[in-house]
Structures are given as structure tokens and as C-alpha cells.
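All residue numbers for the sequence shown refer to UniProt numbering, where the first residue is 1 and numbers rise by one.
Working notes for the structure below.
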Amino acid sequence: MVVSTEGTGKRARPDSRLPVVIVDDLHVEYKVYATGKRATEADRGGLLRRAKRTRTVHALKGVSFTAYENDSIGVIGSNGSGKSTLMRAITGLTPSSSGAVYAVSRPSMLGVGAALIKTLSGQRNVILGGLAMGLSKREVEERYDEIVDFAGIRPFIDLPMRTYSSGMTARLKFAIATVRKHEILIVDEALAVGDRKFRKRSEQRIREIRDNAGTVFLVSHSMQSIRDTCNRVIWIEKGELMMDGDPDEVISAYEATR
Ligand SMILES: Nc1ncnc2c1ncn2[C@@H]1O[C@H](COP(=O)(O)OP(=O)(O)O)[C@@H](O)[C@H]1O
Ligand SMILES: [Mg+2]
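Here it is, written out as C-alpha cells:
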């Protein structure tokens with residue numbers, strides 16, 4: 001027997017979870033100032049006019065979707081398809097040329113919050129970074145060991161950060177940025193660094209944030225990381241949303257085009 005809820009006044013909502021981010025027909029255009037010989041020769045009118053020659057890169061062309069609490073959304077697509085532009089637009093760092101992004105709270109983008117200082121030691125950076133993330137001094141002290149061990153930089157903690165490899169720096173940023181609760185966290189390619197063990201620990205952290213009613217966006221070229229941490233995948237190609245849905249389905253469709 002097929003039970004229909006149509007017309008009973010109790011129609012099941014497609015998703016009863018709280019919407020956290022709404023992206024509505026979002027367009028982003030970059031103005032690129034054209035330089036080079038051809039522009040110069042074509043435009044003998046003068047320096048002023050020449051300086052104003054621009055080219056427009058239409059990086060996002062009408063992207064729409066809604067992210068809900070507990071969503072962990074993998075974002076995939078080939079290089080230059082607009083993934084980072086979409087993430088920056090969600091945080092508000094990149095303005096839209098039309099359309100809109102609505103978010104219930106300000107999204108945190110990994111790496112933006114924790115600006116580390118190269119001349120200071122890892123230890124000082126953990127403390128300053130923790131404070132910058134909004135922890136109290138006491139909370140930073142309580143979480144200090146956890147941050148250092150998560151980043152795996154204990155033997156180097158007294159050395160200035162300029163002596164750290166880019167992998168160590170990225171691990172420390174991830175450890176600091178994820179130390180506190182995030183309602184909306186954006187991770188753009190950060191898991192590409194570090195070894196397998198660090199990746200596993202990071203994926204576990206992403207799952208924890210998501211379990212705490214947070215919403216996570218994960219841009220990654222690792223389909224394995226996305227399968228392991230995401231309940232949903234958005235595929236972007238040439239600035240357009242190709243597919244939005246179940247990770248296995250979207251990833252197979254994406255891989256079939258490559
Ligand atoms: N700051 C910028 N100025 C001009 N063009 C940009 C800028 N950032 C990105 N683009 C262009 O926008 C398009 C999308 O880039 P991006 O969002 O970085 O893609 P992805 O992260 O998927 O590799 C590309 O064509 C890229 O060259
Ligand atoms: Mg990118």
C-alpha cells in the first residue's frame with residue numbers, strides 16, 4: 001500500500017533541518033586588467049584609456065544551493081572551476097556581482113583566522129593563534145598540549161616558525177583553527193598537506209565539528225577524504241553547479257568525465 005501525505009496537511013518537508021547557508025543565484029566576476037603588447041598596439045589613444053582596458057572572468061555563473069546544519073559538503077571540480085571563489089564568497093571575502101549568500105553566522109575559513117607570525121616560536125604562535133580564535137588565556141593553556149600534539153610539532157615548538165616546513169605550518173594552522181567550535185567551517189585544500197596520519201586526524205576533527213551541529217565545506221582533490229567525511233557533494237565546473245547530492249553518485253559522475 002502506498003501512503004500519501006499529500007493533502008493531509010502533514011506533508012513531509014524535504015529537509016526539516018535548519019538551513020545554515022543559502023546561496024542564491026550567485027554570480028562572481030573578476031575584472032582583470034589586461035596588459036601586454038596587443039592591448040598597447042590596439043589602443044594608441046593614450047595611457048589613460050589603455051590603463052582602463054579590462055577583461056572579465058565570469059568565475060561563478062548562477063550557483064544556488066542550501067546547506068543545512070550537520071551537513072558536511074565536499075566541493076569538487078577541475079582546476080579553475082570556481083571552488084575557491086565559491087568558498088571566499090560564502091565567507092564574504094569576495095563580493096558577488098549578482099545574487100546573494102545568506103548565512104546564520106559568519107563562516108570561518110581555515111587559514112584566514114590564524115595568521116601566524118614567522119619570527120615567533122611555535123609555542124608563541126599557538127598561544128597567539130588560540131587567542132585570535134577567541135579562546136581565553138586559560139582555555140589556551142588547557143588546550144595547548146592538544147594543539148601541539150595534533151599538529152605533531154612538539155620537537156620544534158621552541159624554534160621560530162620560519163624554520164618550519166610548509167606542511168608543518170599548515171598542520172599547525174589546522175590544529176589552531178579547529179580548536180574551537182565552528183558553526184560554519186570552510187576547509188579549502190588544507191588536507192592536501194601532511195602525511196596519512198595527519199589526514200586521518202583532520203578528517204576525524206571535521207566529523208566532530210559536523211557532529212556538533214556544525215556545517216563544514218571541504219574542498220579537496222582527495223575523493224577518499226571526501227567520501228570519508230562528507231554526507232553530500234557539490235560539483236562545480238566552469239562556474240556552474242553540475243551536480244549536488246550523494247557523494248558516491250556525484251563522485252562517479254565527476255570521475256566519468258575525466
Ligand atoms: N583574484 C582573482 N582575479 C582574477 N581572476 C581570478 C581570481 N581568482 C580566481 N580567478 C579566476 O576565476 C576562476 C576560478 O578560480 P578558482 O575559484 O580559484 O577555481 P578553483 O578553486 O576551482 O581552482 C579561474 O578562471 C581563475 O583564474
Ligand atoms: Mg582553489
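For each residue, glycine too, the CB sits at the ideal point set by N, CA and C.
Here the structure is a predicted model, which means the values were calculated and not measured.
Residue i classed as buried or exposed, judged by whether at least 16 other C-beta atoms fall within 10 angstroms
| i | result |
| --- | --- |
| A170 | buried |
| I117 | exposed |
| residue 288 | Because the chain here runs from 1 to 258, residue 288 falls outside it and cannot be looked at. |
| T229 | buried |
| D188 | buried |
| A12 | With a pLDDT of 47 at A12, under the threshold of 50, the modelled position of this residue cannot be trusted, and the question is left open. |
| L18 | exposed |
| L93 | exposed |
| P107 | buried |
Same chain, Cβ closer than 7 Å to residue i, neighbours up to 5 away in sequence not counted
| i | result |
| --- | --- |
| S165 | none |
| E237 | G77, S78 and S81 |
| R55 | V32 and A34 |
| F150 | A175 and R201 |
| R210 | N70, S72 and V216 |
| K61 | H27, G239 and E240 |
| A42 | A caution first: A42 carries a pLDDT of 49, below 50, which makes its placement in the model too unreliable to give a value. |
| F198 | G152 and R171 |
| R180 | M133, G134 and L135 |
Those residues which DSSP pairs with residue i across a bridge
| i | result |
| --- | --- |
| P19 | Y68 |
| A100 | D24 |
| E29 | H58 |
| R232 | I73 |
| D211 | Partner(s): none; D211 has no beta bridge. |
| M243 | W235 |
| S121 | P160 |
Presumed contact (8 Å Cβ cut-off) between residue i and residue j, rounded CB distance
| i | j | result |
| --- | --- | --- |
| I184 | A103 | 6 Å |
| I147 | G167 | Actually they do not touch by this definition, with Cβ atoms about 16 Å apart. |
| D158 | S202 | D158 to S202, Cβ: 25 Å. No contact. |
| I251 | R227 | 7 Å |
| V75 | V219 | 5 Å |
Neighbourhood of residue i by C-beta, 6 Å cutoff - its chain only, sequence neighbours within 5 removed
| i | result |
| --- | --- |
| M242 | W235 |
| S84 | D188 |
| I22 | T66 and Y102 |
Close beta carbons around residue i, own chain, < 8 Å, minus the five adjacent residues each side
| i | result |
| --- | --- |
| A59 | V28, E29, Y30, G82, T85 and G239 |
| G245 | R232 and V233 |
Worksheet item: Are three or more beta carbon pairs between the segment 83 to 96 and the segment 23 to 34 nearer than 8 Å?
Response: In this structure the segment 83 to 96 lies against the segment 23 to 34, because at least three pairs of beta carbons, one per stretch, are closer than 8 Å.
Worksheet item: Quick check: the segment 64 to 72 against the segment 203 to 219, are there 3 or more CB pairs under 8 Å?
Response: Yes, the segment 64 to 72 is in contact with the segment 203 to 219.
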